[in-house]
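Colleague:
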Amino acid sequence: MPEFISKLQHKNYEKGEFSDEKARSLDETIELIKKFPFDNERTLTDIQLTGPSVTIQDEYVNYLKIGLYFNGKFCLYYWDCDNHLYECHVADLPGVLAITTDFFNGQIILKDFEKHLFNIGNQAHFVTSYFEYREKLWRIILLTGLMLLYGGFFVVADATVFAINTPWYLRLLLAAVSALYYFLLGKIYYNAIVNRDNYLQISKGNDVFSFGYNQQEINTHNKNNISEIVTYVSSGSKNPNFVEAYEISFKDGSSIKFTNMLIPSSAFHTKFTDSMDNLIIPFTTGKKSPLKVL
């Protein structure tokens, strides 16, 4: 009898997050399914591909995911290596175990499953993600694109006023404003260069996360030791600067700082929410500009 990789997903996990992942025999997998707290995790749980479940992967990279369904039933998802997704509703645990046994024996009967017509984004619900974040050039450009555009306007304006007969005080004023803008833009890119080796590994369901300003100094932290998270954002709805800075303060007085050039703002906030997307750690908005924190 072969050993297939199996893993668990609890209701406070995010898409692609799993735990207890390892190769198991059929008997071990059946025991894993029996011990999984399906009944306890039914409360306030949406019926969807990502949720309380046991996922099994065979040697051909086909997946069987055992999740929850309405009225105490189970929903089984079969995703094959050709990106076809099938769904079957099972009334009780013995029925789940029977299909699991068929899956191990390579005898799963797909006529009992309903085939999904649309197969976009299936992989993220079955394949393990390690939630590692590093600075990406495309993210930096996306966050600073409007500032770059404004910078281009300043360059054109500077060239124009110095090319024509413009009063000296207008030249001086524009030069001062332009210099300040170039300084702010340069500070953002300088920060991106200095922190290009920042590393963050963090997921929603795991209290332990890792952060390092470079690959050689990665430290492990615990969410339970966080006292506060401060977000520094640029004021004004029309401000072209979309870069945000984060400061995580710990109960021992230490802190770490990074920006949304490392991890998107929406993803970062998700890491500190429960299964109902309520924040479990307080977020406050800092009074400083993110440029003063960088």
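Reminder that position 97 of the sequence shown reads as 97 in our numbering, one-by-one numbering, no gaps. Even for Gly, the Cβ is constructed at its ideal location relative to N, Cα and C.
Report the CB separation of residue 77 from residue 117 in whole angstroms; it is logged as a contact under 8 Å.
Modeller: Not confirmed; about 15 Å, so no contact.
Colleague: If residue 198 sits next to residue 139, beta carbons under 8 Å apart, how far is it from one beta carbon to the other, in whole angstroms?
Modeller: The pair is not a contact, with the Cβ atoms about 12 Å apart (cut-off 8 Å).
Colleague: In or out: residue 126 buried (at least 16 other Cβ within 10 Å) or exposed?
Modeller: By the 10 Å Cβ count, residue 126 comes out buried.
Colleague: Using CA atoms only, rank isn't needed, just tell me which of 4, 244, 74, 201 is closest to residue 27.
Modeller: The shortest C-alpha separation from residue 27 is found at 4.
Colleague: Could you please give the first and the last residue of the uninterrupted alpha helix (DSSP H) stretch that includes residue 218?
Modeller: Where residue 218 is concerned, there is no enclosing alpha helix (DSSP H), although the beta strand (DSSP E) it sits in stretches over 218-222.
Colleague: When the Cα atoms are used, what is the spatial distance from residue 207 to residue 255?
Modeller: Spanning the two alpha carbons is a distance of roughly 17 Å.
Colleague: Can you tell me the Cα-Cα spacing of residue 115 and residue 90, whole angstroms?
Modeller: Distance between the alpha carbons of residue 115 and residue 90 is about 15 Å.
Colleague: Pop quiz: residue 86 and residue 113 are said to be a contact at Cβ under 8 Å. What is the actual Cβ separation, rounded to whole angstroms?
Modeller: Indeed, because the Cβ distance is near 4 Å, the residues count as touching under 8 Å.
Colleague: Please state whether DSSP places residue 293 in a helix, a strand or coil.
Modeller: It is helical.
Colleague: What's the gap between the Cα of residue 99 and the Cα of residue 108?
Modeller: Distance between the alpha carbons of residue 99 and residue 108 is about 7 Å.
Colleague: Rounded to whole angstroms, what's the CA-CA distance from residue 229 to residue 60? Just pull it up for me.
Modeller: About 44 Å.
Colleague: Straight-line CA distance for residue 279 to residue 42?
Modeller: Taking the straight line from one Cα to the other gives about 21 Å.
Colleague: What do you get for residue 65, buried or exposed, if any count of 16 or more other CB atoms within 10 angstroms of its CB means buried?
Modeller: It counts as buried.
Colleague: Look up residue 89 in the DSSP assignment and give the residues it is bridged to.
Modeller: Paired residues: 75.
Colleague: Flag this pair as touching only if the region 150-166 and the region 176-194 have three or more C-beta atom pairs under 8 Å; answer yes or no.
Modeller: A contact exists between the region 150-166 and the region 176-194.
Colleague: In terms of DSSP beta bridges, what is residue 24 paired with?
Modeller: DSSP, once it has assigned bridges, lists 4 as partnering residue 24.
Colleague: Return the Cβ separation of residue 129 and residue 55 in integer angstroms, given the expectation that the two are a contact with Cβ distance under 8 Å.
Modeller: So it is not a contact: roughly 13 Å between Cβ atoms.
Colleague: Assign residue 256 to one of three DSSP states: helix, strand, or coil.
Modeller: If DSSP states are grouped into helix, strand and coil, residue 256 belongs with the strands.
Colleague: Buried or exposed: residue 96, going by 16 or more other Cβ atoms within 10 Å of its Cβ?
Modeller: Buried, because 16 or more other Cβ atoms sit within 10 Å of the Cβ of residue 96.
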